[in-house]
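*Asks:* Counting in our numbering, the sequence shown runs from 28 upward without gaps.
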Amino acid sequence: AAEIPLGSALSSSNPDQTWSSPTNNFNLRFLAIYSSSFSLAIAFAGAGPIPIWTAGAVVGGGASFRLLPSGDLRLLSITGAVIWSSGTANRGVSHATLDDSGNFILKNGSV
């Protein structure tokens, strides 16, 4: 699977920006629900995108999904308020991947 390095980010202001699986069959992205509302989703890219998983929170424009240098994964509002956090800061996360089955995985340097 293609590596998503620490420090990477997606923004709801740029819904065409994605983190993709190696074959580009799946991608992690913000999908527009309404003109100014978005949902973070893993989507099948073949005929759509067709969401196969969505985060529980609906966010506005300017929200972001970030893999921080500390290894924490966060969904943030436009103001920087934490909507969701993986709680994985300083636990050895070295990168993330989205595999060809649509699984998003945080990895550490030893696995």
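Glycine included, C-beta positions come from ideal geometry on N, C-alpha and C.
Just so it is clear, the structure is predicted and the values come from calculations on it, not from any experiment.
What does the Cβ neighbour count give for Gly98, buried or exposed, with the cut at 16 atoms within 10 Å?
*Replies:* Your numbering for residue 98 matches position 71 in the sequence shown. With 16 or more other CB atoms across the displayed protein chains lying within 10 angstroms of its CB, Gly98 is buried.
*Asks:* For Thr106, which of helix, strand or coil comes out of DSSP?
*Replies:* The residue given as residue 106 occupies position 79 in the sequence shown. Correct three-state label for Thr106: coil.
*Asks:* Can you give me the start and stop residues for the beta strand (DSSP E) that Ser64 sits inside?
*Replies:* Here residue 64 refers to the residue found at position 37 when the sequence shown is read from its first residue. Start and end: Ser64 to Phe71.
*Asks:* State the DSSP-derived secondary structure class of Arg101, mapped to helix, strand or coil.
*Replies:* In the sequence shown, the residue the question calls residue 101 occupies position 74. Residue state, collapsed to three classes: strand.
*Asks:* Just to confirm, are Gly139 and Ser121 a CB contact at a threshold of 8 Å?
*Replies:* Beyond the ends of the chain as shown, which are 28 and 138, falls residue 139; an answer cannot be given.
*Asks:* Excluding the 5 residues preceding and the 5 following Val85 in the sequence, name in chain order all residues of the same chain whose CB lies nearer than 8 Å to its CB.
*Replies:* By one-based count along the sequence shown, residue 85 stands at place 58. If we look at Val85 and ignore the five residues flanking it on each side, its Cβ neighbours are Ile60, Ser64, Phe65 and Ser66.
*Asks:* DSSP three-state call for Thr146: helix, strand or coil?
*Replies:* Residue coverage of the chain in this structure runs from 28 to 138, which leaves residue 146 outside it and unanswerable.
*Asks:* Taking the alpha-carbon of Pro76 as reference, which of Asn51, Arg118 and Ser112 has the nearest alpha-carbon?
*Replies:* Taking the first residue of the sequence shown as 1, we reach residue 76 at position 49. Here the closest residue by C-alpha is Asn51.
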